[in-house]
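Trainee:
Residue numbers (this note's numbering), protein chains in the order written: chain A, 24 to 287; chain B, 6 to 156.
#1: Is residue 63 of chain A close to chain B? Criterion is C-beta to C-beta, closer than 7 Å.
#2: Would you verify that the beta carbon of residue 156 of chain B is, or is not, closer than 7 Å to some beta carbon of chain A?
#3: For the stretch 108-157 of chain A, list the alpha helix (DSSP H) runs that are entirely contained and at least 4 residues long, ordered along the chain.
#4: Are the stretch 210-223 of chain A and the stretch 182-193 of chain A in contact at 8 Å, needing three or more beta carbon pairs?
#5: Is DSSP giving residue 2 of chain B helix, strand or coil here?
#6: Hey, out of A:135, A:126, A:130, A:94, whose CA is closest to residue 158 of chain A's CA?
#7: Using the Cα positions of residue 78 of chain A and residue 186 of chain A, report the straight-line distance between them to the nearest angstrom.
#8: Please classify residue 251 of chain A as buried or exposed, where buried requires at least 16 other C-beta atoms within 10 Å of its C-beta.
#9: When the distance is taken between beta carbons, is residue 245 of chain A closer than 7 Å to residue 287 of chain A?
#10: Looking at the unbroken alpha helix (DSSP H) that takes in residue 243 of chain A, where does it start and where does it end?
#11: If you draw a straight line from the C-alpha of residue 129 of chain B to the C-alpha of residue 144 of chain A, how long is it?
#12: What number of angstroms, rounded off, separates the C-alpha of residue 66 of chain B from the C-alpha of residue 40 of chain B?
#13: Residue 86 of chain A to residue 110 of chain A, Cα distance in whole Å?
#14: Using 7 Å as the limit for Cβ to Cβ distance, is residue 262 of chain A near chain B?
#15: How do the stretch 68-78 of chain B and the stretch 15-23 of chain B stand: do at least 3 beta-carbon pairs fall below 8 Å, yes or no?
#16: State yes or no: is the beta carbon of residue 111 of chain B nearer than 7 Å to at least one beta carbon in chain A?
#17: Under 7 Å between C-beta atoms, does residue 36 of chain B make it to chain A?
#18: Entirely within the stretch 51-113 of chain A and at least 3 residues each: give me those beta strand (DSSP E) ranges in chain order.
Given below as structure tokens:
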């Protein structure tokens with residue numbers, strides 16, 4: 024690890040000021056991606072701004088049909104929250120399947136979506152449940168937040184403060200995980216929301232995406248059979264040593280069908 | 006890793022060829038290019054900072070051009086060293102052809118990445134390469150088309 028300054032601000036404003044005051048600062052949330060990267064010397068920030076002491080990033084509330092989760096809440100706390108489990112069981116299930124116990128107890132919602140790893144689970148929840156991302160500067164709709172592989176609408180120094188998830192009529196998340204990393208080879212969130220049917224896929228492409236053909240089929244007939252003849256084209260999907268793009272395309276159908284079957 | 010692609014650039018073949026050989030255009034089009042310098046007719050030295058997700062690594066490399074066949078194409082080969090991050094090397098055959106909507110640029114890339122980047126980023130190398138290529142050709146295409154309008 025290279026040397027860096029360490030700052031631990033108490034408020035969002037202090038965190039933003041600390042970021043602006045340094046030439047190449049990085050925010051540290053749970054550190055489950057950033058710390059291994061620093062250890063490998065693949066990144067050399069001038070300062071780390073630790074977000075752990077920011078009270079504004081903490082807490083889970085459920086009110087008026089919306090579940091709001093602080094950006095600093097770790098996956099394990101979402102997984103065991105009785106409020107989340109009651110309001111959106113699919114979200115608690117998703118959090119329970121992220122990584123391993125260390126990742127779940129250190130990694131945070133805000134860190135996961137700001138990093139936007141193509142195989143992260145939370146982007147499927149944010150897009151699938153049509154959530155709103157509240158940052159230190161504005162509110163960003165799910166559809167506008169994830170802009171590409173590891174890229175988001177966040178500006179330099181802008182912090183995710185909380186994410187609000189409208190409670191869907193029904194939803195389920197199914198994931199085919201890599202047995203070593205537990206990253207999603209393919210993960211699919213299927214949700215029937217007030218605004219219509221949503222099918223959001225993570226792990227398969229460079230960035231989370233929706234499958235309009237599946238959404239239309241489920242809107243007509245919410246059953247596993249409705250998805251039987253729908254193929255997702257493999258052209259723009261990821262290929263690596265774990266899975267070809269054709270295999271990932273096939274898994275989207277399998278995971279979506281399992282998700283629908285579990286709540287139909 | 007191998008990668009093929011084709012882009013249509015709304016400019017004449019001569020303009021695209023000139024842009025492919027103009028280090029100022031290449032510097033503007035290569036994502037994260039900090040500096041680029043022409044050492045000779047066929048050798049170019051470049052420094053590139055690649056930022057992908059949590060990783061930010063600086064590569065210094067030498068690029069050589071061969072099979073120069075103006076304005077039909079060339080072969081470009083390079084090798085970059087990124088210190089502890091690892092290395093990247095590879096080449097591309099670039100071909101230019103006249104098309105109905107301008108010049109059709111096709112490329113055929115073979116590349117290899119080694120060291121820590123390959124060890125840790127194995128699952129992301131193909132998508133990263135594709136993303137960088139898309140970014141490069143999108144800005145290159147704009148610059149090449151713009152240079153002709155300006156001329």
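Glycine included, each C-beta is placed from N, C-alpha and C at the ideal position. All of these numbers come straight from a predicted model, not from anything done at the bench.
Mentor: Quick look at the numbers:
#1: With 7 Å as the cut-off, residue 63 of chain A counts as an interface residue toward chain B.
#2: At residue 156 of chain B, the pLDDT of 49 sits below 50, so the modelled position is not reliable and the matter cannot be decided from this model.
#3: Runs found: 112-119, 124-129, 132-138, 145-151.
#4: Yes, the stretch 210-223 of chain A touches the stretch 182-193 of chain A.
#5: No information on residue 2 of chain B is available, as it lies outside the stretch 6 to 156 that chain B covers here.
#6: Selected option, being the one with the closest Cα: A:94.
#7: Cα-Cα distance, rounded: 15 Å.
#8: Classification of residue 251 of chain A: exposed, given that the 10 Å Cβ count is below 16.
#9: When the beta-carbon positions are compared, residue 287 of chain A and residue 245 of chain A come within less than 7 Å of each other.
#10: Looking at the DSSP string, the run of the alpha helix (DSSP H) that includes residue 243 of chain A is 235-243.
#11: Using only the alpha carbons, I get a separation of about 16 Å.
#12: Residue 66 of chain B and residue 40 of chain B: Cα-Cα distance of roughly 11 Å.
#13: Looking at the two C-alpha atoms, the distance is approximately 10 Å.
#14: Under the 7 Å criterion on CB atoms, residue 262 of chain A is classed as interfacial with respect to chain B.
#15: Counting C-beta pairs closer than 8 Å gives three or more between the stretch 68-78 of chain B and the stretch 15-23 of chain B, which meets the contact rule.
#16: Under the Cβ distance rule, residue 111 of chain B does not count among the residues neighbouring chain A, no pair being separated by less than 7 Å.
#17: Output row for residue 36 of chain B: interface = no.
#18: As far as the stretch 51-113 of chain A is concerned, its whole beta strand (DSSP E) runs of at least 3 residues are 70-73, 83-86, 89-93.
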